[in-house]
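Residue numbers (the UniProt record's numbering), protein chains in the order written: chain A, 1 to 369; chain B, 1 to 344. Backbone N, C-alpha and C define an ideal beta-carbon position, used for all residues, glycine too.
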Amino acid sequence: MSLNVEHHATRTLPSEKPLRLLDNAGHAVDGSETGGFSLPPVERLLELYRRMVVARRFDVQVTALTKQGRLATYPSAYGQEACEIGVISAITADDWFFPTYRDSIALLTRGIAPGEILTSFRGDWHNGYDQHRYRTTAQATPLATQALHAVGLAHAARLRRDPIVALTFLGDGATSEGDAHEAFNFAAVWQTPTVFLVQNNQFAISTPVARQTHAATLADKAVGYGMPGYHVDGNDVAAMYAVAHAAVERARSGGGPTLIEGLTYRIESHTNSDDPTRYRKAREVEHWKRRDPIERLEKYLVSEGALSDATRAEIADAAESLARETREVMTREAVIDPLELFDHVYSRPRAALLEQRAALEAELAGAAR
Amino acid sequence: MTTTHTEPTPATDAAASAPQPLTMAGALNAALRDEMAADDRVVVYGEDVGPLGGVFRVTDGLQAAFGDERVWDSPLAESGIVGTAIGMALYGMRPVVEMQFDAFSYPAFEQIVSHVAKMRNRTKGRVELPIVIRIPCAGAIGGVEHHSDSSEAYWASTPGLTVVMPSSPADAYSMLREAIRSDDPVVFMEPKSRYWSKAPLTLPVQTAPMDRAQVVREGTDVTLIGYGPTVRTALDAASAAEAEDLSIEVIDLRSLSPFDDETVSASVRKTSRAAVIHEAAQFGGYGAEVAARITERNFFHLAAPVLRITGYDIPYPSPKLEEHYLPTPDRVLAAIAGWEWDLA
């Protein structure tokens with residue numbers, strides 16, 4: 001393998017109508033709508049269903065805890081479970097994930113504990129989990145910056161001949177950032193094993209996607225970089241998983257990056273400090289609530305006879321158990337040592353920081369007297 | 001992942017022990033070459049660093065020596081260069097990336113300030129980013145607009161970054177090797193006007209640790225503090241002052257972050273007068289930090305206010321006017337002559 005890749009740029013436009021495998025009534029669709037993708041096996045769909053149900057329960061619980069003042073902020077992904085869970089489930093524990101602040105529910109799937117996911121939102125420290133252990137970077141706040149990290153890591157893995165894929169999530173607003181452009185371009189030029197998921201939830205805080213782009217779809221942008229782009233129904237977890245799985249396996253086998261747009265909707269406000277009534281109609285939110293990704297898959301699984309009452313109850317128990325764990329951990333105050341502020345800035349202590357640390361230590365001792 | 005980290009192999013023939021004249025650009029090239037040979041995690045990329053060898057030829061011949069998986073031309077996008085370096089470092093590489101000129105590093109500002117500088121702290125030390133960001137810096141090369149900026153204050157005022165600037169070929173070699181071996185990210189600033197300055201050198205050479213300032217000329221009456229291009233300015237001023245029986249000590253800061261208070265304060269307590277010289281504009285410039293630190297720590301040892309001899313508070317001028325902007329030895333001597341010497 002050389003860095004000089006053969007030129008095989010993709011020039012095929014994504015479908016303007018989002019491709020899907022299940023319609024809103026939970027019926028399998030066929031023909032051109034599927035874009036040639038097949039429904040994942042029912043056991044896989046059942047697992048995706050379980051993860052989505054548990055994820056939503058977590059999300060609802062954390063939103064409630066935020067309203068109770070237990071967290072400084074929480075960006076909810078309510079309604080985006082098909083994007084979050086469908087795509088994160090397409091990578092393995094050996095792969096890397098580069099999330100944003102809205103991707104807490106995807107982090108659950110990486111095996112990260114609720115208390116560690118929420119460390120930053122509670123205000124204890126800027127990041128709460130071991131990035132190397134979970135192969136998952138800190139929830140990025142500066143938009144699209146993490147996409148370049150994903151491309152760099154993927155490139156390093158490629159140079160090492162490791163079959164690693166780097167997956168990153170972005171929002172529709174982030175596609176306007178220069179770093180999104182640079183990440184797409186570097187990934188395509190270097191043919192890195194990177195998968196970009198753009199969750200088009202149609203709002204960047206309050207700004208609608210029509211004010212972000214004049215392109216027909218965000219997936220169209222892929223063509224300009226010479227990589228494949230897919231415009232997918234972001235509330236159809238079967239489609240999100242199938243498209244992401246194909247992209248991940250292509251990346252792993254040396255086929256380069258893919259841009260996937262999941263068309264979905266942010267049901268909740270941007271964060272608890274937002275007021276969505278100022279920029280969107282309740283009618284619109286109701287419309288999207290009727291396109292719920294979990295209900296859609298549930299209808300399909302029921303129609304297939306794959307979701308027994310016992311399974312349903314077992315999943316509900318798992319969801320409640322996680323909600324309880326989340327409540328418990330978030331109502332226990334974390335022990336934070338202010339002096340640790342100075343301990344991780346550099347690998348070796350600096351004289352000036354040691355002076356400042358000693359000053360704060362004296363201040364704390366004075367306050368304790 | 002397998003890595004090797006062996007002892008340095010000198011790029012030059014060890015048998016040729018007689019010092020050879022080497023430019024700063026050549027010394028930097030040798031440092032990159034030796035560190036790449038010693039550690040296969042070191043990769044070099046940026047704009048035009050491959051077959052061309054960089055616009056200043058600092059990476060000359062490296063791609064031919066190490067192949068295009070160790071040295072390569074990236075797309076022309078500085079945020080992309082630094083952003084991908086973060087991902088590569090996360091995977092265990094030690095990227096050395098080049099920003100072609102100071103002013104062209106600004107697109108990478110967010111990646112450097114929000115991620116490179118903060119990653120270790122954000123992760124409580126669990127994620128290290130051993131990245132070297134090489135930035136050809138400062139002016140006096142007759143460059144058209146945007147080719148002569150001095151960006152050091154932006155980086156030096158950012159917690160989490162180590163910022164160094166060599167002024168000689170020996171330091172350039174030794175400090176770049178140390179920077180690449182550092183587990184912390186280093187903004188490595190290379191004064192463009194010194195790239196072609198030569199010094200006799202036998203490689204490999206190891207100078208003082210890169211976080212220490214150096215007294216490069218001893219004196220008793222005045223401490224002149226410079227870094228990068230203005231070390232030469234200070235030395236020239238000191239030589240000229242000899243004729244007037246004025247004994248000037250010159251300090252080469254070498255490291256802008258951290259700041260070597262110990263070396264600087266010791267000198268100032270000896271001379272009781274200090275001036276700092278830099279090309280960057282004065283207002284909010286690095287010299288303000290130097291003056292404040294000296295004053296806070298040594299106020300009762302000072303016979304005069306600490307002076308800043310700097311560029312004007314204007315955008316860097318066009319080539320035909322830069323001679324009026326840059327601090328010169330004459331301007332340095334005129335400034336220190338303005339102190340009330342009788343009170344000393």
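Going along the chain, which unbroken runs of the beta strand (DSSP E) with 3 or more residues stay wholly within the segment 25–59 of chain B? Within the segment 25–59 of chain B, the complete beta strand (DSSP E) runs of at least 3 residues are 42–46.
At which residue ranges does the segment 154–204 of chain A contain complete alpha helix (DSSP H) runs of 4 or more residues, listed in the order of the chain? 178–190
By a C-beta neighbour count over all protein chains shown, 10 Å radius and 16 as the cutoff for buried, is valine 209 (chain A) buried or exposed? Within the first sequence, numbered from 1, the residue matching residue 209 (chain A) stands at position 209. Per the 10 Å Cβ criterion, buried.
Less than 7 Å between C-beta atoms, sequence neighbours within five positions excluded: which residues of the same chain meet that for glutamate 128 (chain B)? For this step, residue 128 (chain B) is matched to residue 128 along the second sequence. Once the five neighbours on either side are set aside, the close Cβ partners of glutamate 128 (chain B) are Arg120 and Asp183.
Using the C-alpha atoms, what's the distance from glycine 35 (chain A) back to glutamate 7 (chain B)? Numbered from 1 along the second sequence, position 7 holds the residue referred to as residue 7 (chain B). Numbered from 1 along the first sequence, position 35 holds the residue referred to as residue 35 (chain A). Confidence is the limiting factor: at glutamate 7 (chain B) the pLDDT is only 48, short of 50, which leaves the residue's position unreliable, though a coordinate-based value still follows. Going by the C-alpha atoms only, they are around 56 Å apart.
If I follow the unbroken alpha helix (DSSP H) through tryptophan 96 (chain A), where does it start and stop? Counted from its first residue, the first sequence places residue 96 (chain A) at position 96. No alpha helix (DSSP H) holds tryptophan 96 (chain A); the beta strand (DSSP E) holding it covers 96–98.
Excluding sequence positions up to five away, which residues of its chain have a Cβ less than 8 Å from the Cβ of proline 107 (chain B)? As a position in the second sequence, residue 107 (chain B) is number 107, starting the count at 1. So the list reads Ala77, Glu78 and Ser79, once near-sequence residues are dropped.
Run through chain B and tell me which residues come within less than 9 Å of aspartate 23 (chain A), C-beta to C-beta. On the first sequence, position 23 is the one that residue 23 (chain A) refers to. None at all; the shortest Cβ gap to chain B is about 38 Å.
Should the segment 187–200 of chain B be called in touch with the segment 38–51 of chain B, which here means at least 3 C-beta pairs below 8 Å? Judged by Cβ distances under 8 Å, the segment 187–200 of chain B makes no contact with the segment 38–51 of chain B, as fewer than three pairs qualify.
Name, please, each residue of chain A whose Cβ falls closer than 9 Å to the Cβ of aspartate 261 (chain B). Position 261 of the second sequence, counting from 1, holds the residue named residue 261 (chain B). Here the neighbours are Ala351 and Ala352.
Among B:Phe66, B:Pro19 and B:Pro315, which has the Cα closest to the Cα of alanine 170 (chain B)? Taking the first residue of the second sequence as 1, we reach residue 170 (chain B) at position 170. Nearest option by C-alpha distance: B:Pro19.
Close-in-space but distant-in-sequence residues of the same chain around tryptophan 196 (chain B) (CB under 8 Å, 5 per side omitted): Position 196 of the second sequence, counted from the first residue, corresponds to residue 196 (chain B). Excluding positions up to five away in sequence, the list reads Thr23, Met24 and Ala25.
Distance, Cα to Cα, phenylalanine 196 (chain A) vs arginine 308 (chain B)? On the first sequence, position 196 is the one that residue 196 (chain A) refers to. On the second sequence, position 308 is the one that residue 308 (chain B) refers to. Rounded to the nearest angstrom, the two C-alpha atoms are 50 Å apart.
Report yes if the C-beta distance between aspartate 102 (chain B) and isoleucine 141 (chain B) is below 8 Å; otherwise report no. For the purposes of this step, residue 102 (chain B) is taken as residue 102 along the second sequence, with counting starting at 1. For the purposes of this step, residue 141 (chain B) is taken as residue 141 along the second sequence, with counting starting at 1. Going by C-beta atoms, aspartate 102 (chain B) is not nearer than 8 Å to isoleucine 141 (chain B).
Where tyrosine 91 (chain B) meets chain A, residues with beta-carbon distance less than 7 Å: In the second sequence, the residue the question calls residue 91 (chain B) occupies position 91. Those are Leu153, Ala156 and Ala157, listed as they occur along chain A.
Count the other CB atoms within 10 Å of the CB of isoleucine 260 (chain A); is the residue buried (16 or more) or exposed (fewer)? By 1-based counting over the first sequence, the position of residue 260 (chain A) is 260. When all chains shown are included, isoleucine 260 (chain A) counts as buried.
Between serine 167 (chain B) and the rest of its own chain, which residues show a CB-CB distance below 6 Å, the 5 nearest in sequence each way excluded? Looking up residue 167 (chain B) in the second sequence gives position 167. Take serine 167 (chain B), set aside five residues on each side of it, and the residues of its chain with a beta-carbon closer than 6 Å to its own are Gly228, Val231 and Asp252, in chain order.
Quick one: residues in its chain with C-beta nearer than 7 Å to the C-beta of leucine 13 (chain A), no 5 flanking neighbours on either side, listed in chain order? Position 13 of the first sequence, counted from the first residue, corresponds to residue 13 (chain A). Cβ neighbours of leucine 13 (chain A) beyond the five flanking positions: Asp220 and Val223.
Just the Cα atoms here: how many angstroms apart are cysteine 83 (chain A) and leucine 48 (chain A)? The residue you call residue 83 (chain A) lines up with position 83 of the first sequence. The residue you call residue 48 (chain A) lines up with position 48 of the first sequence. Rounded to the nearest angstrom, the two C-alpha atoms are 11 Å apart.
Min CB distance aspartate 48 (chain B) to chain A below 8 Å: As a working note, residue 48 (chain B) is residue 48 in the second sequence. Taking 8 Å as the CB threshold, aspartate 48 (chain B) stays off the interface with chain A.
CB-CB under 6 Å to proline 18 (chain A), same chain, minus the five flanking residues each way: which ones, in chain order? For the purposes of this step, residue 18 (chain A) is identified with residue 18 of the first sequence, where counting begins at 1. So the qualifying residues of the chain are His231, Val232, Asp233 and Leu263.
Quick one: what does DSSP say glutamate 21 (chain B) is sitting in, helix, strand or coil? The count along the second sequence starts at 1 and reaches residue 21 (chain B) at position 21. Checking the displayed sequence, the identity of residue 21 (chain B) turns out to be proline instead of glutamate. Three-state DSSP puts proline 21 (chain B) in a strand.
Give the DSSP-derived three-state secondary structure of valine 132 (chain B) in the structure shown. Translated into positions along the second sequence, residue 132 (chain B) becomes position 132. Strand at valine 132 (chain B).
Three or more beta-carbon pairs under 8 Å between the segment 55–66 of chain A and the segment 104–113 of chain A, yes or no? yes
Simplified DSSP assignment, three categories, for arginine 266 (chain A): One-based indexing of the first sequence puts residue 266 (chain A) at position 266. For arginine 266 (chain A), the three-state secondary structure derived from DSSP is coil.
Can you tell which of B:Ser265, B:Asp60 and B:Ala65 has the C-alpha that lies nearest to the C-alpha of histidine 301 (chain B)? The residue given as residue 301 (chain B) occupies position 301 in the second sequence. Of B:Ser265, B:Asp60 and B:Ala65, the smallest CA-CA separation from histidine 301 (chain B) is found for B:Ser265.
May I ask you to report which of helix, strand or coil DSSP gives tyrosine 346 (chain A)? Reading the first sequence from its first residue, position 346 is the one you call residue 346 (chain A). Note: tyrosine 346 (chain A) maps to coil in three-state DSSP.
Could you give the first and the last residue of the continuous alpha helix (DSSP H) run that contains proline 169 (chain B)? Reading the second sequence from its first residue, position 169 is the one you call residue 169 (chain B). Unbroken alpha helix (DSSP H) run through proline 169 (chain B): 169–181.
Measure from the C-beta of leucine 170 (chain A) to each C-beta in chain B and report whether the shortest distance is under 8 Å. The residue labelled residue 170 (chain A) in the question sits at position 170 within the first sequence. Taking Cβ atoms only, chain B never reaches closer than 8 Å to leucine 170 (chain A), which makes this a no.
Validate contact between the segment 23–35 of chain A and the segment 285–298 of chain A using beta carbons, cut 8 Å, 3 pairs: In the pairwise beta carbon analysis, the segment 23–35 of chain A is classified as touching the segment 285–298 of chain A: at least three pairs are separated by under 8 Å.
Could you list which residues in chain A have their beta carbon closer than 8 Å to that of methionine 88 (chain B), in chain order? As a working note, residue 88 (chain B) is residue 88 in the second sequence. Within 8 Å Cβ-Cβ: Gly152, Leu153, His155 and Ala156.
Buried or exposed by the 16-neighbour rule on C-beta atoms within 10 Å, applied to aspartate 172 (chain A): Against the first sequence, residue 172 (chain A) aligns to sequence position 172. Buried, because 16 or more other Cβ atoms sit within 10 Å of the Cβ of aspartate 172 (chain A).
I need the DSSP call for glycine 83 (chain B), collapsed to helix, strand or coil. Here residue 83 (chain B) corresponds to residue number 83 of the second sequence, with the count starting at 1. Note: glycine 83 (chain B) maps to helix in three-state DSSP.
What residues in the segment 287–300 of chain A bring their beta carbon closer than 8 Å to a beta carbon of chain B? none
Cα-Cα separation, serine 105 (chain B) to arginine 312 (chain A): Within the second sequence, numbered from 1, the residue matching residue 105 (chain B) stands at position 105. Within the first sequence, numbered from 1, the residue matching residue 312 (chain A) stands at position 312. So the alpha carbons of these two residues sit roughly 55 Å apart.
Is there a C-beta anywhere in chain B that falls below 8 Å from the one on serine 15 (chain A)? Within the first sequence, the letter at position 15 stands for residue 15 (chain A). Chain B contact via Cβ: absent.
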